[in-house]
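> My questions will all concern the structure given below.
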Amino acid sequence: MTIKNNRPVVVGIFVLLGLAILVVTVFTLGGQKKTFVKSFTINAVFNDVGGLLKGSNIWFSGVKIGTVKKISFYNSSQVLVSMSIEQEAESHIHKDAMAKIGSDGLIGNKIIVIYGGDSTKPQVEKNDFLIVEKSTSTDDMLATLQVTNKNLLAITTDFKSISRKIDTGKGTLASLINDGTVAKKISSSVDNLQVTMANFNTASANSKRVLINLEAFSQKLNTPGNSINDIASDTVFYNSIKNTLS
1 MTIKNNRPVV VGIFVLLGLA ILVVTVFTLG GQKKTFVKSF TINAVFNDVG
51 GLLKGSNIWF SGVKIGTVKK ISFYNSSQVL VSMSIEQEAE SHIHKDAMAK
101 IGSDGLIGNK IIVIYGGDST KPQVEKNDFL IVEKSTSTDD MLATLQVTNK
151 NLLAITTDFK SISRKIDTGK GTLASLINDG TVAKKISSSV DNLQVTMANF
201 NTASANSKRV LINLEAFSQK LNTPGNSIND IASDTVFYNS IKNTLS
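So that you can map any letter, position 39 of the sequence shown is 39 in the working numbering, and since no number is skipped, the others follow by simple counting.
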């Protein structure tokens, strides 16, 4: 009778154990934690974690290397994030590596991304603090977008004002566009400029011909047997003329 009476209790215990194992398994898989993998802790201090949660993934070069172990306040308004990192990833993370808050795929779950680091620098050690990249918050982006929109609106308003003045014939620009006489004057000025350029080209060609003739004349003067060359190079003749003039 005792065994029969205790059977429901034993069954209940086994059911509870099974449920406990199931719950632990679900939470473990849900957090994607590797229970039997050796790990160490490193830290990072952020100004804003943007909804990061305990158990969020840690990525390095596109590979999941750990999870967020603890999130707590630090100093007056900062947030300290403790990360549980797989031991095998320690050799790849260096002391000058940086950490930033990112998003995981289309769902947008917040993650921590570790990147960079000089391979010549020492490896991170347990309880080290990583350098944090200053990230732009959503509020900052919205504020910047709002300023940009205001600037675009102002530019559009100015263009509308200019266009309206042109349509109504107000202002110098409207006169230039709408007044036919101005267009004719501009066309006439262009024609005159073309004539001037043509005359300049003609004068340039004439100057070139004069220079060619001067060069040819100079060559003749320097050619032996030429009368002028003989007179210029004959010192006896030069002295006779000099004595005569004296």
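Glycine is no exception: its CB is placed at the ideal position from the N, C-alpha and C atoms. These numbers come from a predicted model, not from an experiment.
Quickly, what does DSSP pair residue 44 with across the bridge? List them, please.
Against the sequence shown, residue 44 aligns to sequence position 44. Beta-bridge pairing links residue 44 to 81.
> Using C-beta distances below 8 Å, list every residue in its chain close to residue 100, excluding the 5 sequence neighbours before and after it, in chain order.
Here residue 100 refers to the residue found at position 100 of the sequence shown. Within the same chain, residue 100 has close Cβ partners 112, 113, 115, 132, 133, 135.
> Which term fits residue 42, buried or exposed, when burial requires 16 or more other beta carbons within 10 angstroms of its beta carbon?
Here residue 42 refers to the residue found at position 42 when the sequence shown is read from its first residue. Buried: at least 16 other Cβ atoms inside 10 Å.
> Would you kindly check if the distance between the Cβ of residue 55 and the Cβ of residue 68 is under 8 Å?
In the sequence shown, residue 68 corresponds to position 68, counting from 1. In the sequence shown, residue 55 corresponds to position 55, counting from 1. Yes, these two residues count as a Cβ contact at 8 Å.
> In the structure shown, what three-state DSSP assignment does residue 97 receive?
By one-based count along the sequence shown, residue 97 stands at place 97. The answer is coil: DSSP assigns residue 97 none of H, G, I, E or B.
> Taking the Cβ atom as the reference point for each residue, do residue 65 and residue 85 lie within a distance shorter than 8 Å?
Along the sequence shown, one-based indexing puts residue 65 at 65. Along the sequence shown, one-based indexing puts residue 85 at 85. Yes.
> Over the uninterrupted beta strand (DSSP E) stretch that includes residue 67, give me the two end residues.
Against the sequence shown, residue 67 aligns to sequence position 67. Counting along the chain, the beta strand (DSSP E) containing residue 67 begins and ends at 63-74.
> Please report the straight-line C-alpha distance between residue 210 and residue 198, rounded to a whole angstrom.
The sequence position of residue 210 within the sequence shown is 210, counting from 1. The sequence position of residue 198 within the sequence shown is 198, counting from 1. Residue 210 and residue 198: Cα-Cα distance of roughly 19 Å.
> Out of 121, 81, 102, point me to the one whose CA is closest to residue 94's CA.
Residue mapping note: residue 94 aligns to position 94 of the sequence shown, counting from 1. If we check each option's Cα against that of residue 94, 121 comes out closest.
> Could you check the C-alpha separation between residue 119 and residue 97 for me, to the nearest Å?
As a working mapping, residue 119 is identified with position 119 in the sequence shown. As a working mapping, residue 97 is identified with position 97 in the sequence shown. About 10 Å.
> Tell me residue 60's beta-bridge partners as DSSP assigns them.
Within the sequence shown, residue 60 is the residue found at index 60, counting from 1. Answer by DSSP bridge pairing, in chain order: 63, 114.
> Could you compute how far the alpha carbon of residue 213 sits from the alpha carbon of residue 181?
Within the sequence shown, the letter at position 213 stands for residue 213. Within the sequence shown, the letter at position 181 stands for residue 181. Taking the straight line from one Cα to the other gives about 48 Å.
> Taking 8 Å as the cut-off, decide whether the C-beta atoms of residue 110 and residue 50 are in contact.
One-based indexing of the sequence shown puts residue 110 at position 110. One-based indexing of the sequence shown puts residue 50 at position 50. Closer than 8 Å, so yes.
> Go ahead and label residue 81 buried or exposed: buried means 16 or more other beta carbons lie within 10 angstroms of its beta carbon, across all protein chains shown.
Working through the sequence shown from its first residue, we reach residue 81 at position 81. By the neighbour-count rule (16 or more Cβ atoms within 10 Å), residue 81 is buried.
> Residue 108: buried (16+ other C-beta within 10 angstroms of its C-beta) or exposed?
Along the sequence shown, one-based indexing puts residue 108 at 108. Exposed: under 16 other Cβ atoms inside 10 Å.
> Going along the chain, which residues of its own chain have a beta-carbon closer than 6 Å to the beta-carbon of residue 146, five neighbours each way excluded?
Walking along the sequence shown from the start, residue 146 turns up at place 146. Closer than 6 Å at the Cβ level, and outside the excluded window around residue 146, lies no residue.
> Can you check DSSP and say which residues form a bridge with residue 39?
As a position in the sequence shown, residue 39 is number 39, starting the count at 1. Answer is 86, bridged to residue 39.
> Would you report the Cα separation of residue 202 and residue 168, rounded to the nearest angstrom?
Locating residue 202 in the sequence shown gives position 202, counting from the first residue. Locating residue 168 in the sequence shown gives position 168, counting from the first residue. Answer to the nearest angstrom: the Cα atoms are 46 Å apart.
> For residue 38, which residues from the same chain have a beta carbon less than 7 Å from its beta carbon, with the 5 sequence-adjacent residues on both sides left out?
Counting from one through the sequence shown, the residue named residue 38 turns up at place 38. Excluding residues within five positions, the ones whose Cβ falls inside 7 Å are 87.
> Just the C-alpha distance for residue 157 and residue 102, rounded to the nearest angstrom, thanks.
Locating residue 157 in the sequence shown gives position 157, where the first residue counts as 1. Locating residue 102 in the sequence shown gives position 102, where the first residue counts as 1. Rounded to whole angstroms, residue 157 to residue 102 spans 38 Å at the Cα level.
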